[in-house]
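Sequential numbering of the sequence shown, starting at 832, is according to my numbering. Reading through the structure tokens given below for one structure.
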Amino acid sequence: MAETELLTGLRMGGIVVFAWLALRVMLDSRHITERTKGVRDQAWRPFRASILVMCFIMVFLASPENILRANGYITDRTGAWMMVGVTAGAMLYACLTHHGLDIANGRRGSLLSCMAICFLFFAYAVGRAV
832 MAETELLTGL RMGGIVVFAW LALRVMLDSR HITERTKGVR DQAWRPFRAS
882 ILVMCFIMVF LASPENILRA NGYITDRTGA WMMVGVTAGA MLYACLTHHG
932 LDIANGRRGS LLSCMAICFL FFAYAVGRAV
């Protein structure tokens, strides 16, 4: 099934992006509160967007998928497609958080690198599905 292959590839990319994000949060976020208010305000925009993305995912995709599948209202295939959306949304969340960390730390490049990783794993997943 194409959705299973797509989900597998996206989850593999998610592992890479989130492991990198965890390292950045542990190592790069210690001095954010020392930055000027303007920098913190600018960094808050992608952080806020990432929180909204995660809320949307949980409210409209992840939790309903579990409930609907457990009660037999949707098929496994529909549930898998919903999980593809969850995984893609989680990767968007990670990219936005990387961008916020870039702004807060005065660095550039992580957003593009994160997007490149997501694209590579998406291409790998599509290649597996075809």
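Using N, Cα and C, we set each Cβ at its ideal position, and we do this for glycine too.
Apart from the 5 residues on each side of it in sequence, ILE905 sits with its Cβ closer than 7 angstroms to the Cβ of LEU899 in its chain, given in chain order. The region 839-858 makes no contact with the region 869-883: fewer than 3 CB pairs, one atom from each, lie closer than 8 angstroms. Around the Cβ of ALA956, a 10 Å sphere holds 16 or more other Cβ atoms; the residue is buried. In this structure the region 915-923 lies against the region 841-850, because at least three pairs of beta carbons, one per stretch, are closer than 8 angstroms. Distance from the Cα of GLU834 is smallest, within the candidate group MET914, CYS949, VAL870 and ASN897, for MET914. Counting only the Cα atoms, GLN873 lies some 25 angstroms from ILE948.
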